[in-house]
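Asks:
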Amino acid sequence: MFSITPQTSHNSQGVPNSGSKLLVTRRSWKNSSTWAKFPLKTAAVIQQPSPRPEFTPLAAWASDETDSGSAPKVVGSVPGDVDILPGRVYSVSTTEEIELDEDTRQSLEEFRRLYGFRQYQLIFVFFSFITYIFDVVSDAYLAYRYHKQGDYYWSKLTLALVVGPSLVITGFSLMWYVLDRKAHVDPPRGCLCWTFRLTFHALQMAPLVRLSDAVYYGMCSKRPGISLDAAVWFIKLMLYEDADCAMLRMIECFMESAPQLLLQLYIIITQGTAQSTLQIIVQSVSCLTSWLSLAWSLTHYQKALRSSRAEKARMRWLSSSLFFLWKAAMLSSRLLSLALLAAIVRGFWFGLALGCHWIVAAGWVLARGTTFCSPSRNTLTEYLFDLVLGAVYCFDVVNIREGHSRIWYSTCYTVFGLENFMIAALWHIFSSNGPVTKTWLMKAPTFSTWVNDIPSWVLPLVVICSFIIGIFVMISYYLFAHPSGRIRVCIPCDELMKNEDPKSKTPESLSLDPKELDLGSA
Numbered sequence: 001m002f003s004i005t006p007q008t009s010h011n012s013q014g015v016p017n018s019g020s021k022l023l024v025t026r027r028s029w030k031n032s033s034t035w036a037k038f039p040l041k042t043a044a045v046i047q048q049p050s051p052r053p054e055f056t057p058l059a060a061w062a063s064d065e066t067d068s069g070s071a072p073k074v075v076g077s078v079p080g081d082v083d084i085l086p087g088r089v090y091s092v093s094t095t096e097e098i099e100l101d102e103d104t105r106q107s108l109e110e111f112r113r114l115y116g117f118r119q120y121q122l123i124f125v126f127f128s129f130i131t132y133i134f135d136v137v138s139d140a141y142l143a144y145r146y147h148k149q150g151d152y153y154w155s156k157l158t159l160a161l162v163v164g165p166s167l168v169i170t171g172f173s174l175m176w177y178v179l180d181r182k183a184h185v186d187p188p189r190g191c192l193c194w195t196f197r198l199t200f201h202a203l204q205m206a207p208l209v210r211l212s213d214a215v216y217y218g219m220c221s222k223r224p225g226i227s228l229d230a231a232v233w234f235i236k237l238m239l240y241e242d243a244d245c246a247m248l249r250m251i252e253c254f255m256e257s258a259p260q261l262l263l264q265l266y267i268i269i270t271q272g273t274a275q276s277t278l279q280i281i282v283q284s285v286s287c288l289t290s291w292l293s294l295a296w297s298l299t300h301y302q303k304a305l306r307s308s309r310a311e312k313a314r315m316r317w318l319s320s321s322l323f324f325l326w327k328a329a330m331l332s333s334r335l336l337s338l339a340l341l342a343a344i345v346r347g348f349w350f351g352l353a354l355g356c357h358w359i360v361a362a363g364w365v366l367a368r369g370t371t372f373c374s375p376s377r378n379t380l381t382e383y384l385f386d387l388v389l390g391a392v393y394c395f396d397v398v399n400i401r402e403g404h405s406r407i408w409y410s411t412c413y414t415v416f417g418l419e420n421f422m423i424a425a426l427w428h429i430f431s432s433n434g435p436v437t438k439t440w441l442m443k444a445p446t447f448s449t450w451v452n453d454i455p456s457w458v459l460p461l462v463v464i465c466s467f468i469i470g471i472f473v474m475i476s477y478y479l480f481a482h483p484s485g486r487i488r489v490c491i492p493c494d495e496l497m498k499n500e501d502p503k504s505k506t507p508e509s510l511s512l513d514p515k516e517l518d519l520g521s522a
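Reminder that position 169 of the sequence shown reads as 169 in UniProt numbering, one-by-one numbering, no gaps.
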């Protein structure tokens, strides 16, 4: 599809670079400017003709029965006059090898080596499952406990923060299935598979369904006797499914886990004396799982972003660990500072401050534009998605800009740092002078016993120290553990300020040539 010119730069693993930094999904294949994701060539796919009895069903790859259509079982090279077009279904035999030239075979082998499914990835999958289940269950149980002890307001609010975001995430996931089906970029599925998907979506487990599909595709790519081209196809399906899961999980965490953690911290700070030891334990578990889920969702998103781009080096253990610690420290500082602010100011002003932050962030995302729900950024679904994504920026920073990220991170974390410092100072001033006087801005809360027993500077110190630790770990990540290798500290201003706009044009290093379609990403 895109031919890579000799001037194209390469990453540390020798894979050519391309021009966009956004997370890649199957839906973006319909947009010609975002096709060049895996610069590999294979003769293992051809355009699907009308179904005939001797054809092997496409969904048979995954041991599934298909309801409609079938795909050809390809043996041998694709004729040179075959047009490979977007929006069509392509297939390949899973066991019979295709006649590939040596360069193509080496490219496919290298792709499988770099991006293939590995057994240790099951550890990350297990961690994702555990944090998701514990997060939801602990929040639901807290809603039950609040209702049982007569705190109906907290019960309803806790339950709303579980159900509301879950419905939004389920809606996005189902919408993406529809878009994938319209674009013909998802293998046809039978009744059994759709029953499984819809059932668990009804149970509000959309991220786990996506994660299960990704693991299944990855395990299919490791089948004994599977052909090289089919294994590569399964790996690509795994990467794209993982991209969907990562985005769903991140948005779910920042719509549910972050507000839930903020709410529980507020209750812990202002609830007076806890009703029982069990309630304290459940609140602690809820806060811990929400915090871990948030940090892990950002780490998973970053891993999926790099894995969905062939020109990006993958994150290893050290990179993932430092990135996780960086985000965990930043989130703890941000959420604790917001909880302290909510404890001393009136709800209207707290909501207004957070709402203004969200409006600015959502406006920036809308101005930049995304193509996660559709190939065009100017659609209603994409606008709604950008508004939801803006909620993430109330709690942490997710870089979706092309080019060097240091200016963006420096700007955002400067704003976050100033906000956190002012909130910490405000808490210290008003809590150290005895009971807070009720004014138009401030309220007179009743703090918990443990808050009254500790010096007023302890919680502000935790906020500031967590932020400083996060900055230190972030710098360590970029200096010593960035997947791309050694990061240049000094960059010329003109290069630093130049951020490629993915919507503007096809990158200069890539030239559109229908005669050289990237068959491996069809």
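Note that CB positions come from ideal geometry on N, CA and C, so glycine has one too.
So, at 6 Å on beta carbons, what are the nonlocal neighbours of residue 532 in its own chain, with the 5 sequence-adjacent residues on each side left out?
Replies: No information on residue 532 is available, as it lies outside the stretch 1 to 522 that the chain covers here.
Asks: Just the Cα atoms here: how many angstroms apart are residue 246 and residue 439?
Replies: On the sequence shown, position 246 is the one that residue 246 refers to. On the sequence shown, position 439 is the one that residue 439 refers to. Roughly 44 Å separates the two Cα atoms.
Asks: Contact between the segment 101–114 and the segment 188–195 is defined here as three or more beta-carbon pairs at a separation below 8 Å; is this criterion met?
Replies: Because the criterion of three Cβ pairs below 8 Å is not met, the segment 101–114 and the segment 188–195 do not touch.
Asks: Mapping the DSSP letters down to three states, classify residue 345 as helix, strand or coil.
Replies: In the sequence shown, counting from the first residue as 1, residue 345 sits at position 345. Residue state, collapsed to three classes: strand.
Asks: In the DSSP assignment, the alpha helix (DSSP H) including residue 104 goes from what residue to what residue?
Replies: Mapped onto the sequence shown, residue 104 falls at position 104. That run of the alpha helix (DSSP H) goes 102–115.
Asks: Which residue comes first and which comes last in the alpha helix (DSSP H) that contains residue 524?
Replies: Nothing can be reported for residue 524: it is not among the residues displayed for the chain, which extend from 1 to 522.
Asks: Give the DSSP bridge partners of residue 442, in chain order.
Replies: Taking the sequence shown and counting its residues from 1, the one referred to as residue 442 is at position 442. Its beta-bridge partners are 345.
Asks: Of the choices 254, 209, 229, 269, whose alpha-carbon is the least far from that of residue 242?
Replies: Position 242 of the sequence shown, counting from 1, holds the residue named residue 242. The option with the nearest alpha carbon to residue 242 is 209.
Asks: Can you grab the Cα-Cα spacing for the pair residue 271 / residue 343, in whole Å?
Replies: Position 271 of the sequence shown, counted from the start, is the residue given in the question as residue 271. Position 343 of the sequence shown, counted from the start, is the residue given in the question as residue 343. C-alpha separation (whole angstroms): 10 Å.
Asks: Considering only the alpha carbon of each residue, which of 164, 348, 202 lies closest to residue 441?
Replies: Walking along the sequence shown from the start, residue 441 turns up at place 441. The candidate whose alpha carbon is nearest that of residue 441 is 348.
Asks: Which class does residue 396 belong to by DSSP, given the choice of helix, strand or coil?
Replies: Translated into the one-based positions of the sequence shown, residue 396 becomes position 396. If DSSP states are grouped into helix, strand and coil, residue 396 belongs with coil.
Asks: Report all residues from its chain with a CB closer than 6 Å to the CB of residue 398; omit the five preceding and five following residues, and keep chain order.
Replies: To locate residue 398, count along the sequence shown from 1; it is residue 398. 392.
Asks: Can you tell me where the alpha helix (DSSP H) holding residue 301 begins and where it ends?
Replies: By one-based count along the sequence shown, residue 301 stands at place 301. 277–307 is the span of the alpha helix (DSSP H), which, as asked, contains residue 301.
Asks: From residue 132 to residue 257, what distance separates their C-alpha atoms?
Replies: What you label residue 132 is simply residue 132 of the sequence shown in a count that begins at 1. What you label residue 257 is simply residue 257 of the sequence shown in a count that begins at 1. Roughly 10 Å between the two C-alpha positions.
Asks: Apart from the five residues just before and just after residue 357, which ones in its own chain have a Cβ nearer than 7 Å to its Cβ?
Replies: If you number the sequence shown from 1, residue 357 lands on position 357. Only 394 meet the Cβ criterion.
Asks: Would the segment 305–320 and the segment 154–170 be scored as touching if the rule is three or more Cβ pairs under 8 Å?
Replies: Contact between the segment 305–320 and the segment 154–170 is absent, because fewer than three Cβ pairs lie under 8 Å.
Asks: Taking 6 Å as the limit between beta carbons, can you name the residues of its chain near residue 260, skipping five residues before and five after?
Replies: Start at 1 with the first residue of the sequence shown, and residue 260 comes out as number 260. Same-chain partners within the cutoff: 139, 161, 290.
Asks: Given a threshold of 16 other Cβ atoms within 10 Å of its Cβ, counted over all protein chains shown, does residue 148 qualify as buried or as exposed?
Replies: Indexing the sequence shown from 1 puts residue 148 at position 148. When all chains shown are included, residue 148 counts as exposed.
Asks: Closer than 7 Å by C-beta to residue 339: which residues in its own chain qualify, once you throw out the five before and the five after it? Chain order, please.
Replies: On the sequence shown, residue 339 is found 339 positions in, with the first residue counted as 1. Excluding residues within five positions, the ones whose Cβ falls inside 7 Å are 262, 265, 266, 269.
Asks: To the nearest angstrom, how far is the alpha carbon of residue 146 from that of residue 428?
Replies: Within the sequence shown, numbered from 1, the residue matching residue 146 stands at position 146. Within the sequence shown, numbered from 1, the residue matching residue 428 stands at position 428. Each residue's Cα considered, the two are about 30 Å apart.
Asks: With residue 152 as the anchor, note down where its alpha helix (DSSP H) starts and where it stops.
Replies: Reading the sequence shown from its first residue, position 152 is the one you call residue 152. Run containing residue 152: 152–183, per the alpha helix (DSSP H) assignment.
Asks: Around the Cβ of residue 182, are there at least 16 other Cβ atoms within 10 angstroms (buried) or fewer (exposed)?
Replies: Sequence index remark: in the sequence shown, residue 182 carries index 182 (1-based). Result: exposed.
Asks: CA-CA distance, residue 201 and residue 167?
Replies: In the sequence shown, counting from the first residue as 1, residue 201 sits at position 201. In the sequence shown, counting from the first residue as 1, residue 167 sits at position 167. In a straight line, the C-alpha of residue 201 is about 9 Å away from that of residue 167.
Asks: Please go through the same chain and pick out, in chain order, the residues whose beta-carbon is closer than 7 Å to the beta-carbon of residue 170, but skip the five residues on each side of it.
Replies: One-based indexing of the sequence shown puts residue 170 at position 170. Correct list, in chain order: 201, 204, 206.
Asks: Between residue 239 and the rest of its own chain, which residues show a CB-CB distance below 7 Å, the 5 nearest in sequence each way excluded?
Replies: Counted from its first residue, the sequence shown places residue 239 at position 239. 115, 307, 308.
Asks: I'd like the span of the alpha helix (DSSP H) that includes residue 527, first residue to last.
Replies: The structure shown does not extend to residue 527, since the chain spans only 1 to 522, so no value can be given for it.
Asks: Report buried or exposed for residue 420, applying the criterion of at least 16 other Cβ atoms within 10 angstroms of its Cβ.
Replies: Your numbering for residue 420 matches position 420 in the sequence shown. Classification for residue 420: buried.
Asks: Thinking just about the alpha-carbon of each residue, which of 332, 250, 226, 130 is nearest to the one in residue 173?
Replies: As a first step, residue 173 is located in the sequence shown; it is residue number 173 there, counting from the start. Selected option, being the one with the closest Cα: 250.
Asks: Just to confirm my understanding: we take residue 212, look at its own chain, exclude 5 residues before and 5 after, and list those with CB closer than 8 Å. What are they?
Replies: Here residue 212 refers to the residue found at position 212 of the sequence shown. Around residue 212: no qualifying Cβ.
Asks: Would you call residue 460 buried or exposed, if buried means 16 or more other Cβ atoms sit within 10 Å of its Cβ?
Replies: Residue 460 sits at position 460 when you count from the first residue of the sequence shown. Residue 460 should be labelled buried.
Asks: Between which two residues does the alpha helix (DSSP H) harbouring residue 268 extend?
Replies: Here the question's residue 268 lines up with position 268 in the sequence shown. Residue 268 -> alpha helix (DSSP H) spans 258–270.
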